[in-house]
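Protein sequences, first through last, are from chains A and B.
Quick note: the first sequence, position 331, residue 331 per UniProt numbering, numbers continuous.
Quick note: the second sequence, position 498, residue 498 per UniProt numbering, numbers continuous.
Single-structure report; data block below.
Number of protein chains: 2
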Amino acid sequence: MSKKNQDKLLIFALGGVGEIGKNMYVVQYANDIVVIDSGLKFPEEDMLGIDIVIPDIGYLTENRDKVRGILLTHGHEDHIGGLPYVLKHLNVPVYGTKLTLGLVEAKLKEAGLLGETKRILINADSELQLGTIRATFFKTNHSIPDSVGICLETPEGNVVHTGDFKFDHTPVNEQYADLQRMAGIGAKGVLALLSDSTNAERSGFTPSERTVGAELEEMFRKAKQRVVIATFASNIHRIQQIIDACEATRRKLTVVGRSMVNVVTIASELGYLHIPDGMLIEPDEINKLAGDRVAILSTGSQGEPMSALTRMARSSHRKVDILPGDTVIIAATPIPGNERYVGRTVDELFRIGANVIYGPGSVTGVHVSGHGSQEELKLMLNLMRPKYFIPIHGEYRMLRVHGMLAEAVGVEKENIFILDNGDTVEVQGGVARKGSKVQSGNILIDGLGVGDVGNIVLRDRKLLSQDGILVVVVTLSKQDGSILSGPDIISRGFVYVRESEGLLEEANRIVSNTLTKLMNDKVNEWASLKTNVKDALGRFLYEQTRRRPMILPIIMEV
Amino acid sequence: MSKKNQDKLLIFALGGVGEIGKNMYVVQYANDIVVIDSGLKFPEEDMLGIDIVIPDIGYLTENRDKVRGILLTHGHEDHIGGLPYVLKHLNVPVYGTKLTLGLVEAKLKEAGLLGETKRILINADSELQLGTIRATFFKTNHSIPDSVGICLETPEGNVVHTGDFKFDHTPVNEQYADLQRMAGIGAKGVLALLSDSTNAERSGFTPSERTVGAELEEMFRKAKQRVVIATFASNIHRIQQIIDACEATRRKLTVVGRSMVNVVTIASELGYLHIPDGMLIEPDEINKLAGDRVAILSTGSQGEPMSALTRMARSSHRKVDILPGDTVIIAATPIPGNERYVGRTVDELFRIGANVIYGPGSVTGVHVSGHGSQEELKLMLNLMRPKYFIPIHGEYRMLRVHGMLAEAVGVEKENIFILDNGDTVEVQGGVARKGSKVQSGNILIDGLGVGDVGNIVLRDRKLLSQDGILVVVVTLSKQDGSILSGPDIISRGFVYVRESEGLLEEANRIVSNTLTKLMNDKVNEWASLKTNVKDALGRFLYEQTRRRPMILPIIMEV
Numbered sequence: 001m002s003k004k005n006q007d008k009l010l011i012f013a014l015g016g017v018g019e020i021g022k023n024m025y026v027v028q029y030a031n032d033i034v035v036i037d038s039g040l041k042f043p044e045e046d047m048l049g050i051d052i053v054i055p056d057i058g059y060l061t062e063n064r065d066k067v068r069g070i071l072l073t074h075g076h077e078d079h080i081g082g083l084p085y086v087l088k089h090l091n092v093p094v095y096g097t098k099l100t101l102g103l104v105e106a107k108l109k110e111a112g113l114l115g116e117t118k119r120i121l122i123n124a125d126s127e128l129q130l131g132t133i134r135a136t137f138f139k140t141n142h143s144i145p146d147s148v149g150i151c152l153e154t155p156e157g158n159v160v161h162t163g164d165f166k167f168d169h170t171p172v173n174e175q176y177a178d179l180q181r182m183a184g185i186g187a188k189g190v191l192a193l194l195s196d197s198t199n200a201e202r203s204g205f206t207p208s209e210r211t212v213g214a215e216l217e218e219m220f221r222k223a224k225q226r227v228v229i230a231t232f233a234s235n236i237h238r239i240q241q242i243i244d245a246c247e248a249t250r251r252k253l254t255v256v257g258r259s260m261v262n263v264v265t266i267a268s269e270l271g272y273l274h275i276p277d278g279m280l281i282e283p284d285e286i287n288k289l290a291g292d293r294v295a296i297l298s299t300g301s302q303g304e305p306m307s308a309l310t311r312m313a314r315s316s317h318r319k320v321d322i323l324p325g326d327t328v329i330i331a332a333t334p335i336p337g338n339e340r341y342v343g344r345t346v347d348e349l350f351r352i353g354a355n356v357i358y359g360p361g362s363v364t365g366v367h368v369s370g371h372g373s374q375e376e377l378k379l380m381l382n383l384m385r386p387k388y389f390i391p392i393h394g395e396y397r398m399l400r401v402h403g404m405l406a407e408a409v410g411v412e413k414e415n416i417f418i419l420d421n422g423d424t425v426e427v428q429g430g431v432a433r434k435g436s437k438v439q440s441g442n443i444l445i446d447g448l449g450v451g452d453v454g455n456i457v458l459r460d461r462k463l464l465s466q467d468g469i470l471v472v473v474v475t476l477s478k479q480d481g482s483i484l485s486g487p488d489i490i491s492r493g494f495v496y497v498r499e500s501e502g503l504l505e506e507a508n509r510i511v512s513n514t515l516t517k518l519m520n521d522k523v524n525e526w527a528s529l530k531t532n533v534k535d536a537l538g539r540f541l542y543e544q545t546r547r548r549p550m551i552l553p554i555i556m557e558v
Numbered sequence: 001m002s003k004k005n006q007d008k009l010l011i012f013a014l015g016g017v018g019e020i021g022k023n024m025y026v027v028q029y030a031n032d033i034v035v036i037d038s039g040l041k042f043p044e045e046d047m048l049g050i051d052i053v054i055p056d057i058g059y060l061t062e063n064r065d066k067v068r069g070i071l072l073t074h075g076h077e078d079h080i081g082g083l084p085y086v087l088k089h090l091n092v093p094v095y096g097t098k099l100t101l102g103l104v105e106a107k108l109k110e111a112g113l114l115g116e117t118k119r120i121l122i123n124a125d126s127e128l129q130l131g132t133i134r135a136t137f138f139k140t141n142h143s144i145p146d147s148v149g150i151c152l153e154t155p156e157g158n159v160v161h162t163g164d165f166k167f168d169h170t171p172v173n174e175q176y177a178d179l180q181r182m183a184g185i186g187a188k189g190v191l192a193l194l195s196d197s198t199n200a201e202r203s204g205f206t207p208s209e210r211t212v213g214a215e216l217e218e219m220f221r222k223a224k225q226r227v228v229i230a231t232f233a234s235n236i237h238r239i240q241q242i243i244d245a246c247e248a249t250r251r252k253l254t255v256v257g258r259s260m261v262n263v264v265t266i267a268s269e270l271g272y273l274h275i276p277d278g279m280l281i282e283p284d285e286i287n288k289l290a291g292d293r294v295a296i297l298s299t300g301s302q303g304e305p306m307s308a309l310t311r312m313a314r315s316s317h318r319k320v321d322i323l324p325g326d327t328v329i330i331a332a333t334p335i336p337g338n339e340r341y342v343g344r345t346v347d348e349l350f351r352i353g354a355n356v357i358y359g360p361g362s363v364t365g366v367h368v369s370g371h372g373s374q375e376e377l378k379l380m381l382n383l384m385r386p387k388y389f390i391p392i393h394g395e396y397r398m399l400r401v402h403g404m405l406a407e408a409v410g411v412e413k414e415n416i417f418i419l420d421n422g423d424t425v426e427v428q429g430g431v432a433r434k435g436s437k438v439q440s441g442n443i444l445i446d447g448l449g450v451g452d453v454g455n456i457v458l459r460d461r462k463l464l465s466q467d468g469i470l471v472v473v474v475t476l477s478k479q480d481g482s483i484l485s486g487p488d489i490i491s492r493g494f495v496y497v498r499e500s501e502g503l504l505e506e507a508n509r510i511v512s513n514t515l516t517k518l519m520n521d522k523v524n525e526w527a528s529l530k531t532n533v534k535d536a537l538g539r540f541l542y543e544q545t546r547r548r549p550m551i552l553p554i555i556m557e558v
C-alpha cells in the first residue's frame with residue numbers, strides 16, 4: 001500500500017465473508033486503520049484435528065503502525081474469540097462495552113495477556129477519534145447484552161457496521177435498540193452500510209426473546225419434579241428469564257458447566273444478571289430439596305460430547321444425576337452439523353425417563369434467534385439509507401440474498417458489493433469500486449501450533465483416517481545393498497491384524513519379491529526402491545480390499 | 001432357541017431401532033422365520049473410512065433352515081440395500097412388488113448374485129403361506145411407488161408391519177393407499193402393530209406430493225432459461241411431476257447422474273414413469289436448444305461432493321455447464337448432517353450466477369416428506385386398533401414420541417414395547433412380554449472387507465486423523481545391542497516437516513538419549529525399549545505442541 005492510497009477509503013473483511021464466524025472487518029482511511037471485531041470459528045469437518053480457526057492478519061501486522069485499535073461490537077466468540085491470538089502479534093488497544101470487555105478480560109487473563117493489553121471501556125455514547133476516523137456507536141438488540149453497532153466517520157463519508165442485530169421491541173432488561181440514533185445517522189447520510197446477513201434467508205420478523213420467557217415460565221410451572229435447562233452460555237437475556245421463571249415458581253437454581261458458571265459469574269458481577277438473594281445453590285445441595293423446588297442451568301445445548309448436559313444424560317456427571325420424571329428443556333436450536341449430537345443426547349435423556357422438551361421436527365422448540373430476519377434487515381437498510389451496501393457475516397448465499405433485499409428497498413444494484421475475504425472496496429471522491437485484494441485466509445490452530453498445519457498435513461490426516469497406514473521397513477547392507485533385516489510390515493487403522501494374518505503375509509512376500517527383483521536388476525537408488533514397493537504393495541492391497549491405505553516405505557542402511 | 005420356543009411368537013429387529021436406516025425386522029413362529037426388509041445405513045461420523053453398515057445377521061444364519069424368506073416393503077436403500085451382503089450368507093427367497101424387485105435385480109446383477117437368488121414377484125393382492133405364517137399385503141403411500149405394508153397371520157394372532165408410509169389423499173399416478181384393506185385388517189383384529197416412526201416428532205399431516213408438482217410447474221413457467229432440478233433418484237413420483245412440468249412448459253428433459261439414469265430407466269421400463277415420446281434427450285443435445293426449452297434432472301440434492309449437481313456447480317461436469325440466469329431447484333430437504341454440503345453447493349451455484357431455489361431458512365423449499373406426521377400415525381393406529389404396539393424405524397426419541405401417540409389413542413401403556421435391536425417381544429397365549437435378547441449389531445463394510453474393521457481399527461483411524469503419526473525406526477546390533485542405524489523419525493499428518501525441523505531434530509535427540517540411557521542400564525527387551533521411547537517422545541511432543549500423535553517405534557535387528 002503506497003502513497004496512492006493515502007487519500008482513499010478502504011473497506012474489507014479479513015474474516016466473516018462466506019462463512020459463519022471468524023469475523024474481522026477493516027476500515028482504513030489513509031494511514032488510519034480501524035479493525036472491527038476479532039473472532040474465531042470452529043473447524044470445518046475436513047480440518048481434521050484442528051481446534052480453532054482465526055483470520056490471517058498479515059495485512060495488519062505489515063501495517064501495524066497504522067492500526068489505531070480493535071473495536072468490539074459484542075462479546076460472542078465469533079467476534080472476540082480470536083483476540084488472544086491476534087493480540088500476541090498485534091498489540092493494539094481494544095475498545096468494548098462493559099460486558100464485552102468483561103468477557104474479553106477473562107479470556108486474556110487465561111492467555112496471560114491481560115497486563116500487556118490496553119483495554120478501553122466505551123458505552124453507546126462514547127466518541128473516539130482514531131486518527132482521521134471518528135467512531136460513534138448505537139445500541140442494538142442481540143442475544144447478548146451491551147451489543148453495539150458502529151458508525152465510522154471518515155473524510156469520504158460515514159461507514160456503518162451493524163454488528164450482529166435483531167429488532168426486539170420488548171427486550172429483556174430494557175436493552176432497547178436505539179432507533180432514534182440509527183435514524184439520525186441515516187439522516188446525516190451513510191456512504192456504506194455493512195449489515196449482518198446471518199438470517200437473510202428467513203422471511204418475516206424474528207420473534208422477541210421475551211416470547212421464550214413466557215414459554216419457559218409455563219414449562220417450569222408444569223414440571224412436577226426438577227427442571228434441567230440447557231442454553232447457550234452467552235445468552236444472558238435467556239439466563240435472566242430462566243432466573244425469572246425460577247422466581248415465579250419458587251425454585252432454587254444451580255449452575256453446571258464451566259462456561260455457564262463463568263458467564264453467570266461475570267454477568268452478575270457486572271450487573272447484567274439480576275439474581276435474587278439466596279436463589280443460587282451449589283450442585284451438591286439440590287438433593288436436600290424437593291424436586292419441584294429445584295432448577296439446574298447447564299451447558300450442552302448443542303449436545304457437545306463433553307458438556308455437562310451430555311454427561312448428566314449418560315449418568316456420568318460428578319455431581320448431578322437426572323432422575324426419571326425430571327423435565328429437561330433444550331432452549332436452543334442445533335447449529336448445522338450438531339443435529340446428531342443433540343439427537344443422541346435427547347435419546348439418552350429419554351432412556352433415563354426424563355420428559356424432554358426439545359426442538360427437532362415440529363415439536364415446540366424453546367428458542368428464538370438473535371439475528372434479524374428479512375423484514376428487520378430491510379428496516380435497518382431503510383433507517384440507514386446507504387449509498388453503498390456491503391452484506392457481512394454469512395455464507396455466500398446469505399450475502400447474495402441480503403443483496404437482493406437491499407435492491408428491493410432501493411439500493412442501486414451496482415452499488416451492492418458482495419466480497420470475499422480480502423476483496424476490498426475503495427472509495428475515492430465519493431465513488432466506490434472494487435479494489436485490489438489484500439492478504440487473507442484461514443490460520444489453523446492445533447494445540448499450541450498456529451498455522452503449522454496446512455494442506456499437506458490435512459491431506460495426510462484425511463488419508464490416514466480413511467484407510468490407515470502401512471509402514472514397510474527394511475535394512476539394507478551398505479556394502480552390497482543386500483537385505484539384512486526385514487521387510488517388516490506394521491499397520492495401524494487398516495485391518496484388524498489378528499484376523500488378517502494371511503493378507504499381511506502375502507503383502508510381505510510381495511514386498512520381498514519386489515525388492516529382490518530390483519536388486520537383481522541392479523536398481524538401488526532409494527527413491528526407486530521406495531516407489532516400486534509402494535506401487536506393488538498399493539496395487540495388491542487395493543485388489544484384495546478395495547482400500548488405499550497410506551504406505552510408508554522406510555529403508556535403513558547398516 | 002430350543003423347543004421351548006416352538007409354540008411362541010417372537011418379534012424383533014436386527015436393525016431399524018434407534019437409528020435411521022439398516023431396517024430389518026423379524027417375525028418368528030415356532031420353526032418359521034419371516035424377515036421383513038434388508039436395508040443398509042450410511043456410516044456415522046465416527047465410523048472413519050467405512051462405506052456402509054448392515055445388520056449382524058448371526059441369528060438368521062444360525063437358524064437358516066427356518067428362514068422362509070425376505071419380504072420387501074419397498075425399494076429404498078435403507079430397506080433393500082443390504083441384500084447383496086445378506087444373500088451371500090443366507091440364500092433365501094426374496095419377495096417384492098414389481099418396482100421393488102426391479103431395483104433389487106439391478107443391485108443383484110451388479111453383485112453377481114442375480115442367477116442364484118430366488119425372486120418372487122408379489123402384488124398387493126398376493127397371499128403367501130410361509131410355513132405356519134400367512135402373509136398378505138396392503139398398498140401404502142410413500143415417496144416411491146409400489147410400497148406395501150404387510151400383515152402376517154400367525155397362530156398367535158396378526159402382526160402388521162406398515163413399512164414406510166404416509167397418507168396421501170391425492171397421490172401421483174393414482175397410487176392410492178388401501179384404506180379399506182387396512183380397516184379390514186383392523187376389524188379382524190391386530191395382535192401387534194409395528195409402525196413407521198420417522199416423522200413421529202412432527203405434528204399435523206405431511207402434505208401431499210402433489211403440492212410439490214404445482215410448485216414445480218410454477219417455477220418451470222417462471223424460469224427464463226434452463227431449469228436444473230435435483231431430487232432423490234428414488235422419488236419416482238417427483239420425477240413424474242418433473243416430467244409433467246416439462247410437458248406443460250414444452251421443455252425437453254435430459255438426465256444426469258448415474259443413480260438418476262438407472263432409476264429413470266428401470267421405472268420407465270416397468271411402467272412407473274410416463275415419459276412423452278421425444279421428451280428425453282442426451283446431455284450433449286441441450287446446447288442446440290433455446291434455454292427455455294430445456295430441463296436437466298440431476299442427482300446431488302444432498303450436495304454430495306461427487307454428484308452431478310456438485311460437479312456442475314463447480315463447472316467440472318463433463319457434459320453440462322450451468323449458465324448465468326439458469327434456474328436451479330433443489331427439490332429435497334438436507335438429511336441431518338448434509339446441511340453444510342448443500343449450503344456449499346448453493347453457494348457455488350450463486351457464484352456462477354444461477355437463480356437458486358432451495359430449502360434452508362424459510363425460503364420456500366420444494367419438498368414434502370414421504371413419512372406420515374403425527375396425525376397420520378394416529379390414523380394408522382386407529383385403523384389397526386392393535387393390542388400391542390411396537391414403534392419401528394427411528395431414533396430412540398422418535399420411538400418414544402410415537403409410543404406417546406399410541407397411548408393417546410388408547411393403547412395400554414404396558415402394551416407398548418420400545419425395543420433396541422436384538423430385544424425380543426415374545427407372545428404366548430395372546431400375552432406379550434419382553435423376551436431374551438438375540439444377537440444383533442452393526443457390521444461395518446469397508447471396501448471388500450465385511451466386518452474386518454472393528455473398534456481397534458476405528459480407534460486408530462480416529463487417533464491418526466486428529467494428530468497424525470510419528471514412526472521411529474532404529475536398527476540394533478544382534479551381538480551387543482548397540483545402535484547401528486537411526487533412530488530415524490518419519491511423520492505424517494503431524495506438522496509440516498519443512499517448517500518444523502528444529503522440533504523433529506530435538507525429538508530425535510530425545511529418542512537417542514532415551515535409547516542410550518536404557519542400554520547403559522542394560523535394558524534391552526524390545527518391549528521396554530519401545531515403551532520408553534514412546535513415553536519420552538510423547539511427553540516431549542505434548543509439551544511442545546499440545547498434540548498427541550500416534551507414536552510407532554520399530555526396532556530392526558541385524
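Heads up, the beta-carbon is just placed ideally off N, CA and C, and yes, glycines get one too.
Computed from a prediction, not measured in an experiment: that's the story for all the values here.
Within the segment 390-409 of chain B, the residues whose Cβ lies closer than 7 Å to some Cβ of chain A are GLU395, TYR396, ARG397, ARG400, listed in chain order.
In this structure, the CA atom of GLU506/A is about 47 Å from the CA atom of VAL346/B. Fewer than three beta-carbon pairs drawn from the segment 147-166 of chain B and the segment 221-239 of chain B are found closer than 8 Å, and the two stretches are therefore not classed as touching.
In the DSSP secondary-structure assignment, ILE416/B is bridged to PHE389/B. In terms of Cβ geometry, ILE281/B and LYS319/B do not form a close pair [threshold 7 Å].
Of the residues LEU381/B, VAL94/B, TYR272/B, the one whose Cα lies closest to the Cα of PHE389/B is LEU381/B.
Under the Cβ criterion of 7 Å, SER465/A is counted among the residues facing chain B.
Checking the DSSP bridge columns, you'll see MET550/A partnered with ILE469/A. In this structure, the CA atom of GLU375/B is about 18 Å from the CA atom of ARG397/B. Within chain A, the residues TYR396, ARG397, ARG400 have their CB atoms less than 8 Å from the CB of PHE350/B, given in chain order.
In this structure, GLY49/B keeps its C-beta atom at 7 Å or more from the C-beta atom of ARG340/B. Judged by DSSP in its simplified three-state form, GLN428/A adopts strand. In this structure, ILE489/B sits away from LEU476/B, with a CB-CB distance that is not shorter than 7 Å. For TYR59/B, the closest alpha carbon among the candidates ARG547/B, HIS74/B, LEU90/B, GLY131/B is that of LEU90/B. Taking a 10 Å sphere around the C-beta of ASP56/B, we find 16 or more other C-beta atoms and assign the residue as buried. By the criterion of a C-beta distance shorter than 6 Å, ARG119/B is surrounded in its chain by VAL94, LEU101, once the five residues flanking it on both sides are discounted. In chain order, ASP452 make up the part of chain B whose C-beta sits under 7 Å from the C-beta of GLU499/A. Taking the Cβ atoms as the reference, LEU114/B lies roughly 4 Å from LEU108/B, within the contact range of under 8 Å. Segment contact: the segment 138-147 of chain A against the segment 176-185 of chain A, three or more CB-CB distances shorter than 8 Å; contact assigned.
Using a Cβ-Cβ cut-off of 8 Å, MET312/B is close to nothing in chain A; its nearest Cβ partner there is about 16 Å away. Taking a 10 Å sphere around the C-beta of ASN524/B, we find fewer than 16 other C-beta atoms and assign the residue as exposed. A Cβ of chain A is located within less than 7 Å of the beta carbon of MET556/B.
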